[in-house]
Amino acid sequence: MKTALVTGASRGIGRACAEKLAKDGYRVIVNYVNSSDKACAVAEATGGIAVRADVSDPSAVAEMFRGAGDIDALVCCAGISEEGLFTDLTPDDWRRMFAVNVDGVFNCCREAVPGMVRKKRGSIVIISSIWGITGASCEVAYSASKAALIGMAKALAKELGPSGVRVNCVAPGVIDTDMNAHHSAETMAALRDDTPLGVIGTPEDVAELVSFLVSDRASFITGQVISPNGGFLI
Ligand code: NAP
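Spelled out as structure tokens, the structure:
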């Protein structure tokens, strides 16, 4: 049985990815940092295991991977967002954003890649964001962190392709999760209106794409940035 490790799988997009990959036949490692009950519920529902590790902490990540065994698919979904004026951003805000969103992916890839290269097989999906492609006003740190992941995925895909390891980036548009729960109904309606397909995305919309990308159906696809966004950004 293949193993998939999904970071940030207690809620939202990561949770949907864990559920979909379990349906696809993977043993799923459900990573989380705070939501122990939710992660355990996802693990129970998927027949997987929940593992607490702050992805920004290299030693916690190393311990998680030591316990996980061989990983066939890594989905880096854990992330945080913050809104505010650029002029209010502090160096600590900036560092925290990069510690979780960028260092977190680095820490996980660093642990997963050697085993994949040894087996000459593996797939990594990094969850970026449309804002990493186009930039969001009042989300400069978030946009910059998500743009960094696009560069990372492309470079890693070139480096690991000859070893049979694929790396792709998924850059979702607006998805109905806790991350957007602070938006008013009016803001969500405006975002919906700006979306050609006229709907806000669901975590399952993203999970379908992730499921495809980690599978052999995507065996000729690497280094790509694919954006499920309902046409919001074309
Ligand atoms: P969410 O509902 O807020 O869930 C965030 C997940 O990340 C939770 O499972 C959380 O774990 C985990 N997490 C946060 N910090 C962590 C850390 N330091 N170590 C380990 N896990 C951590 O967010 P979401 O909307 O599903 O977003 C998932 C990913 O998609 C993020 O990378 C986000 O940037 C990206 N994205 C989201 C949207 C959107 O519209 N929602 C659009 C584009 C991209 P706990 O529950 O334990 O705190």
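For the sequence shown, my numbering assigns the number 24 to the initial residue and increments by one for each residue that follows.
Ideal placement from N, C-alpha and C gives every residue a C-beta, glycine not left out.
Fair warning: this is a prediction, and the values are worked out from it, not measured in the lab.
_Rounded separation between A178 and A212 - CA only_ = 37 Å
_For N54: DSSP bridge partner residues_ = V74
*Which residue spans inside the stretch 153–185 form an unbroken alpha helix (DSSP H) run of at least 4?*
153–157, 163–183
*asked:* Taking the beta carbon of P251 as the centre, do at least 16 other beta carbons fall within 10 Å, making it buried, or is it exposed?
replied: buried
*With distances taken between CB atoms, is the gap from I94 to G138 smaller than 8 Å?*
yes
*Determine the closest residue to Y55 out of P226, G127, E231, A204, with distance taken between C-alpha atoms.*
G127
_For a test of the three-state rule: what should DSSP assign to N130, helix, strand or coil?_
helix
*Write down the C-beta distance between R189 and I244 rounded to the nearest angstrom, noting that I regard them as a contact closer than 8 Å.*
7 Å
*Got a sec: does the ligand NAP put a non-hydrogen atom nearer than 7 Å to the Cβ of P195?*
yes
*Near M24, which residues of its chain fall below 6 Å by C-beta distance, leaving aside the five closest residues on each side in sequence?*
R50
*When burial is assigned at 16 or more other CB atoms within 10 Å of the CB, is F109 buried or exposed?*
exposed
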